[in-house]
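Peer 1: Structure below; questions to follow.
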Amino acid sequence: MVVSKLTCEFLPRNFTTDPPCKKPLFRKFSVLQDQSCKKRREKVDMDSCKRSLVVVMVMAILHRCCSAAPVATAANQTRAPALFVFGDSIVDAGNNNAITTLVRCNFAPYGEDFPGHNATGRFSNGKVPGDILATQMGIKQYVPAYLGAELSDFDLLTGVTFASGGCGFDPLTAELVSVLTMDNQLDLFKEYKEKLRRIAGARRAAEIVSESLYLVVTGTDDLANTYFTTPFRRDYDLDSYIDFVVQCASDFIQKLLGMGARRVHIAGAPPIGCVPSQRTNAGGLDRDCVSLYNQAAVVYNARLEQEIKRLNGTAAAPPPGTVLKYIDLYTPLLDMIQRPAAYGFEVTNRGCCGTGVFEVTLTCNRYTAHACRDVDKFLFWDTYHLTERGYNILLSQVINKYGF
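Here this note's numbering is used: the first residue of the sequence shown is 777, the next is one more, and so on.
Structure (structure tokens):
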């Protein structure tokens, strides 16, 4: 414990736990000083007596502080040296800016509530989940994109995001919109590890890789876009396609473990059918939640969670120290959608940008779509992604449930 270490450092080499005087320790200071100094005058002078009393009082105060606030101390300590993020647009912080794709958002009104009103490539009005989680863990305020910007040593030592908006566990999902596949993201992680080794040394770099937290958020686009919107995976029935995506997820997790990761948290799919874009596409004239899409997400989540448990278990023989966690986003987000007033929201069926029924990425721009007047009343920023406030509330529930 940190305070215990400090306490030991404050002790003189010849200090013993016996009190300097035989009278009760916490009597009035002047009386204690009088009696102790009279009894020890022949052996200890006044300065020695004062020093002993000061040490005892410091010890008592430190002991009381340690006992009274262990939770606060633990809460302020960084639980991992770095946070590494993989996935799609939910956690992309600007990697798509550096590649040739139409799936980008490095323009207003995106980022209007980010420091400097800067559209960094985050698919929201402000922070995204990686930033919020890193802040809550005490690592840093923002998790930068690995591509497209000059990263400082601090950035490399404390984690980056490799996520690419528009990707999924199914490699076809990324290929359809020319973004990074999950394997591409692992290639970037391999490149990152070499950079880390150069600035931190081999031993420290290995410690950072093994002790850090890994967040994986993707899979939504596989169902919402690749399967339900395009014809390219219709050779699968829905049940078979879900199995295929879960197998792709399992392959990715095992590759990540093979590259040194040990603490990996994998998010499930949200209630896809209630996302504004899917309400518009398949929710009818009333833009209702699409029950088929939500049911697909429920089945996918159950199978993903089961596979994560299998990988975590002895049957899969994971590397020593491996901790895999499934993160349920579906339940808390559906509650926010169905009970908006409980969370201070007024609008959950459309986004803040433009009309809120179709605008996302290129169609949410300063020329054709203005942001709403009060973004805090909206759960969704565009027709696919949450507002910063929405992400904050969602992440607070996730952190309280799972811990990080």
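Backbone N, C-alpha and C fix where the C-beta goes; we use that ideal spot for every residue, glycine too.
Fair warning: this is a prediction, and the values are worked out from it, not measured in the lab.
So what's His-893 in DSSP terms, helix, strand or just coil?
Peer 2: Along the sequence shown, read from residue 1 onward, the residue named residue 893 stands at position 117. Three-state result, His-893: helix.
Peer 1: Are the beta-carbon atoms belonging to Pro-1116 and Leu-1033 less than 7 angstroms from one another?
Peer 2: Residue mapping note: residue 1116 aligns to position 340 of the sequence shown, counting from 1. Residue mapping note: residue 1033 aligns to position 257 of the sequence shown, counting from 1. Cβ distance not < 7 angstroms, so Pro-1116 and Leu-1033 don't count as in contact.
Peer 1: For Arg-855, which residues from the same chain have a beta carbon less than 7 angstroms from its beta carbon, with the 5 sequence-adjacent residues on both sides left out?
Peer 2: Position 79 of the sequence shown holds residue 855. Excluding positions up to five away in sequence, the list reads Met-913, Phe-1180.
Peer 1: Classify Asn-1176 as buried or exposed, calling it buried when 16 or more other Cβ atoms lie within 10 Å of its own Cβ.
Peer 2: To locate residue 1176, count along the sequence shown from 1; it is residue 400. Burial is judged here by how many other beta carbons sit within 10 angstroms of a residue's own beta carbon; Asn-1176 has fewer than 16 and is exposed.
Peer 1: Name the one or two DSSP bridge partners that Gly-1127 has.
Peer 2: The count along the sequence shown starts at 1 and reaches residue 1127 at position 351. BP columns for Gly-1127 point to Phe-1156.
Peer 1: In terms of residue numbering, what span does the alpha helix (DSSP H) encompassing Ala-906 cover?
Peer 2: For the purposes of this step, residue 906 is taken as the residue at position 130 of the sequence shown. In the sequence as presented, Ala is not what sits at residue 906; that position holds Gly. Run containing Gly-906: 905-912, per the alpha helix (DSSP H) assignment.
Peer 1: Counting along the chain, where does the beta strand (DSSP E) carrying Gly-1089 start and finish?
Peer 2: For the purposes of this step, residue 1089 is taken as the residue at position 313 of the sequence shown. Run containing Gly-1089: none; DSSP gives neither H nor E here.
Peer 1: If you count every other CB in all the chains shown that lies within 10 Å of the CB of Pro-920, and 16 or more means buried, which is it?
Peer 2: Position 144 of the sequence shown, counting from 1, holds the residue named residue 920. Buried, since its Cβ has 16 or more Cβ neighbours within 10 Å.
Peer 1: Look up Gly-863 in the DSSP assignment and say whether it is helix, strand or coil.
Peer 2: Residue mapping note: residue 863 aligns to position 87 of the sequence shown, counting from 1. In the structure shown, Gly-863 sits in a strand (DSSP, three-state: E or B).
Peer 1: How many whole angstroms separate the CB atoms of Thr-993 and Pro-905, which I take to be in contact at a CB cut-off of 8 angstroms?
Peer 2: Stepping through the sequence shown from its first residue, residue 993 is reached at position 217. Stepping through the sequence shown from its first residue, residue 905 is reached at position 129. The question names Thr, but residue 993 is Val in the sequence shown. At roughly 7 angstroms, the Cβ-Cβ gap stays under 8 angstroms, so Val-993 and Pro-905 are in contact.
Peer 1: Have a look at Ser-1172 and Asp-1152 and give me their C-alpha separation to the nearest angstrom.
Peer 2: Residue 1172 sits at position 396 when you count from the first residue of the sequence shown. Residue 1152 sits at position 376 when you count from the first residue of the sequence shown. Using only the alpha carbons, I get a separation of about 16 angstroms.
Peer 1: What alpha helix (DSSP H) runs, 4 residues minimum, are completely inside the segment 951-977?
Peer 2: 958-976
Peer 1: Within a Cβ cutoff of 7 angstroms, which residues of the same chain sit near Lys-1031, ignoring the five residues on either side of it in sequence?
Peer 2: Taking the first residue of the sequence shown as 1, we reach residue 1031 at position 255. Around Lys-1031: Leu-962.
Peer 1: Got a sec, what are the start and stop residues for the beta strand (DSSP E) Tyr-990 sits in?
Peer 2: Counting from one through the sequence shown, the residue named residue 990 turns up at place 214. 989-993 is the span of the beta strand (DSSP E), which, as asked, contains Tyr-990.
Peer 1: Can you confirm whether the segment 1104-1124 touches the segment 870-889 when touching is taken to mean that 3 or more C-beta pairs between the two stretches lie within less than 8 angstroms?
Peer 2: no
Peer 1: In terms of residues, what are the limits of the beta strand (DSSP E) holding Arg-1185?
Peer 2: Limits of the chain in this structure are 777 at one end and 1180 at the other, which puts residue 1185 out of reach.
Peer 1: For Tyr-1102, report the span of its beta strand (DSSP E) as first-last.
Peer 2: On the sequence shown, position 326 is the one that residue 1102 refers to. Where Tyr-1102 is concerned, the enclosing beta strand (DSSP E) stretches over 1099-1103.
Peer 1: On the CB-based measure, 16 or more other CB atoms within 10 Å of its CB, does Gln-1114 come out buried or exposed?
Peer 2: Locating residue 1114 in the sequence shown gives position 338, where the first residue counts as 1. Gln-1114 should be labelled exposed.
Peer 1: Based on Cα-Cα distance, which residue from Val-1022, Tyr-1143, Phe-1154, Phe-1156 lies nearest to Ala-884?
Peer 2: For the purposes of this step, residue 884 is taken as the residue at position 108 of the sequence shown. Comparing Cα-Cα distances from Ala-884 to each of Val-1022, Tyr-1143, Phe-1154, Phe-1156, the minimum goes to Tyr-1143.
Peer 1: Of the residues Phe-1008, Thr-996, Thr-1006, Ala-1145, which one's Cα is nearest the Cα of Ala-1025?
Peer 2: Counting from 1 along the sequence shown, the entry for residue 1025 is found at position 249. Comparing alpha-carbon positions, the option among Phe-1008, Thr-996, Thr-1006, Ala-1145 lying closest to Ala-1025 turns out to be Thr-996.
Peer 1: With a threshold of 7 angstroms on Cβ separation, who are the neighbours of Gln-1054 within its own chain once the five nearest residues in sequence on each side are excluded?
Peer 2: Position 278 of the sequence shown holds residue 1054. Hits under 7 angstroms: Ala-1000, Ile-1048, Val-1066, Tyr-1069.
Peer 1: Where does the unbroken alpha helix (DSSP H) through Arg-1055 begin, and where does it stop?
Peer 2: Taking the first residue of the sequence shown as position 1, residue 1055 is located at position 279. Counting along the chain, the alpha helix (DSSP H) containing Arg-1055 begins and ends at 1052-1058.
Peer 1: In the DSSP assignment, the alpha helix (DSSP H) including Ile-1018 goes from what residue to what residue?
Peer 2: Stepping through the sequence shown from its first residue, residue 1018 is reached at position 242. From DSSP, the alpha helix (DSSP H) with Ile-1018 extends over 1014-1034.
Peer 1: So, helix, strand or coil for Ala-981, using DSSP?
Peer 2: In the sequence shown, residue 981 corresponds to position 205, counting from 1. In the structure shown, Ala-981 sits in a helix (DSSP, three-state: H, G or I).
Peer 1: Taking only heavy atoms of the ligand MN into account, decide whether any of them is closer than 6 angstroms to the Cβ of Leu-1087.
Peer 2: Ligands displayed in this structure: none; no statement on the ligand MN is therefore possible.
Peer 1: Go ahead and pull the three-state DSSP assignment for Leu-1162.
Peer 2: Sequence index remark: in the sequence shown, residue 1162 carries index 386 (1-based). Looking at Leu-1162 - three-state DSSP - the assignment turns out to be strand.
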